[in-house]
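Chemist: Each residue of the sequence shown is one higher than the one before, counting from -16 in my numbering.
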Amino acid sequence: MESSKTNDHIKSSWICGIRKKSSFITLENADLIVQQADDYLESLVNDKAFSGSILLARNNQILLIKGYGCSEYGCQEKNTSQTIFRIGSVTKPFTAIMILKLHEKKQLNLNNKLSLYYPDYPHSNQITIKYLLSNTSGIEDYTEMETFERKCQEDLTIDQLIDTFKNEPLKFKPGSKYSYSNSNYILLGLIIEKVTGKSYETNLREFILEPCCMNDTGYECDNNPILNTKHNQRACGYICSTDSNSFDTCRFINMSTVRSAGGIYSTIEDLYRLDRYLYGEKLLNNHTKKIMFKPVKEHYALGWEVERLKHRRIKQQHTGEIFGFYSCLARFPKDNACIIILTNLEGISVHDILDSLTDILFQEK
-16 MESSKTNDHI KSSWICGIRK KSSFITLENA DLIVQQADDY LESLVNDKAF SGSILLARNN
44 QILLIKGYGC SEYGCQEKNT SQTIFRIGSV TKPFTAIMIL KLHEKKQLNL NNKLSLYYPD
104 YPHSNQITIK YLLSNTSGIE DYTEMETFER KCQEDLTIDQ LIDTFKNEPL KFKPGSKYSY
164 SNSNYILLGL IIEKVTGKSY ETNLREFILE PCCMNDTGYE CDNNPILNTK HNQRACGYIC
224 STDSNSFDTC RFINMSTVRS AGGIYSTIED LYRLDRYLYG EKLLNNHTKK IMFKPVKEHY
284 ALGWEVERLK HRRIKQQHTG EIFGFYSCLA RFPKDNACII ILTNLEGISV HDILDSLTDI
344 LFQEK
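(1) Just to confirm my understanding: we take residue 117, look at its own chain, exclude 5 residues before and 5 after, and list those with CB closer than 8 Å. What are they?
(2) Which full runs of the alpha helix (DSSP H) of 4+ residues lie inside the region 165 to 198, going along the chain?
(3) Looking at the unbroken beta strand (DSSP E) that takes in residue 48, where does it start and where does it end?
(4) Grab me the residues of residue 254's own chain with a C-beta within less than 7 Å of its C-beta, minus the 5 sequence neighbours each way, in chain order.
(5) If you compare alpha carbons, which of 136, 135, 235, 126 is closest to residue 151?
(6) Applying the 10 Å Cβ sphere with the 16-neighbour rule, what's the burial state of residue 235?
(7) What's the gap between the Cα of residue 203 and the Cα of residue 76?
(8) Residue 69: buried (16+ other C-beta within 10 angstroms of its C-beta) or exposed?
(9) Could you tell me how far apart the beta carbons of residue 148 and residue 110 are, in whole angstroms, since I believe they sit closer than 8 Å?
(10) At what residues does the alpha helix (DSSP H) containing residue 279 begin and finish?
(11) Just checking, does the region 326 to 341 make contact with the region 31 to 42 on the three C-beta pairs under 8 Å criterion?
(12) Put residue 18 into one of helix, strand or coil per three-state DSSP.
(13) Output the distance between the C-alpha atoms of residue 327 and residue 54, rounded to the nearest integer angstrom.
(14) Rounded to whole angstroms, what's the CA-CA distance from residue 6 to residue 271? Just pull it up for me.
(15) If you run the structure through DSSP and keep just helix, strand and coil, what is residue 4?
(16) Are there 16 or more other CB atoms within 10 angstroms of the CB of residue 102, so buried, or fewer, so exposed?
(17) For residue 262, count the other beta carbons within 10 Å of its own beta carbon; 16 or more makes it buried, fewer makes it exposed. Which is it?
(18) Roughly how many whole angstroms lie between the Cα atoms of residue 321 and residue 66?
(19) Rounding to the nearest angstrom, what Cα-Cα distance links residue 306 and residue 257 in this structure?
(20) Residue 145 to residue 196, Cα distance in whole Å?
(21) Assuming residue 298 is part of the beta strand (DSSP E), what are its boundary residues?
(22) Just to check my reading of the structure: residue 329 and residue 222 have Cβ atoms closer than 8 Å, yes? What is that Cβ distance to the nearest angstrom?
(23) In angstroms, rounded to a whole number, what distance separates the CA positions of residue 246 and residue 120?
(24) Would you kindly work out how many angstroms separate the C-alpha atoms of residue 302 and residue 73, rounded to a whole number?
(25) Can you tell me whether DSSP reads residue 97 as helix, strand or coil?
(26) Spatial neighbours of residue 142 within its chain, please: C-beta separation below 8 Å, excluding the five flanking residues on both sides.
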């Protein structure tokens, strides 16, 4: 079975974050990559500039999978490869995959108008599902509005959340420009529920989590049993104190205010399983994946940022940020490579860390 191979690969290649010698490792400079990456990350931890878990993989082999810093500084509980983090906007690829699966199953069309699912939404007859997926709808990002600092602490239904932005004027003609907006993915979550007649969490589990054996991933907006039974596995979010010598607990956010735009939690091991399954056709067929990873405006495709790097290398990624947490899932399909960064420390630059780890992973011989 495909799922057992994926699980066995993760389990058998690693003991306590140290790469086992194996005939499967073909990179001549694998040890150098691991040493440089580990030294770099440990230096960040010493400078109180990183706390989290990291996975580096290339040529279908995990090179580094390790936790750094603490998941809970009060009791000095260490981060591990199985620590659960909020992943913020890395939720968006999950939402996009579910929409595209419904498109693949002909339960919706990407050119369908929002008015088909939400006729009362202003300008809904001008906005397509594809515009929502590609952040080209022109809808205002509710998390950038002045009211969000207050609203993010409230327990909101999806209709109440949509009411916070539905009457804002469009920023531009739908489809004409790119502008990142969490509001788009809140509406996509609503569409998933209306099309299937099931909750977002149920669809997430049936479409992605169960097929990919992602047992430590879930949707925090619901009373998910994973968080109840694995409380000690969960990271707390922190922010550096003003004197930078200690960490303070981050601001509170009610997860009902982020939902299908940022409400998922996961581990580096589970996100690597998602990466692995995206190479096959169990989640989406190859034609649908070409649609998903094709940029629409600027660098943004359908739920993914796609960037061309040197040496004709393609990077498919999404980053996330939510109070006390930063995240990144970056895929390099030409090299069968992946970098996953999950942190529980607010104020760090996940983009700088990603750039540094990318340079280390793809250093020339």
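Glycine is no exception: its CB is placed at the ideal position from the N, C-alpha and C atoms. Computed from a prediction, not measured in an experiment: that's the story for all the values here.
Modeler: According to the structure shown:
(1) 161, 279, 280, 283, 284, 285
(2) 165 to 179, 183 to 187
(3) 44 to 51
(4) 312, 323
(5) If we check each option's Cα against that of residue 151, 126 comes out closest.
(6) Exposed is the call here.
(7) 16 Å
(8) Of the other Cβ atoms in all chains shown, 16 or more fall within 10 Å of the Cβ of residue 69; this residue is therefore buried.
(9) Actually they are not in contact, since the Cβ atoms of residue 148 and residue 110 sit about 13 Å apart, beyond 8 Å.
(10) Unbroken run through residue 279: none, as it is neither H nor E.
(11) yes
(12) Residue state, collapsed to three classes: helix.
(13) 7 Å
(14) Below a pLDDT of 50, predicted positions are generally treated as unreliable, and residue 6, at 36, falls in that range; the measurement from the model is reported next regardless. C-alpha separation (whole angstroms): 34 Å.
(15) Model confidence at residue 4 stands at a pLDDT of 40, short of 50, so the residue's coordinates are unreliable; what they give is reported in the following sentence. Here residue 4 sits in coil by DSSP.
(16) exposed
(17) exposed
(18) Near 19 Å, if we compare the C-alpha coordinates of residue 66 and residue 321.
(19) 24 Å
(20) When the Cα atoms are used, residue 145 and residue 196 turn out to be separated by approximately 32 Å.
(21) 297 to 305
(22) Between residue 329 and residue 222 the beta-carbon gap is near 4 Å, inside 8 Å, which marks them as a contact.
(23) If you take the alpha carbons of residue 246 and residue 120, they lie about 21 Å apart.
(24) 6 Å
(25) helix
(26) Spatial neighbours of residue 142 in its own chain (CB-CB distance under 8 Å, excluding positions within 5 residues in sequence) are not present.
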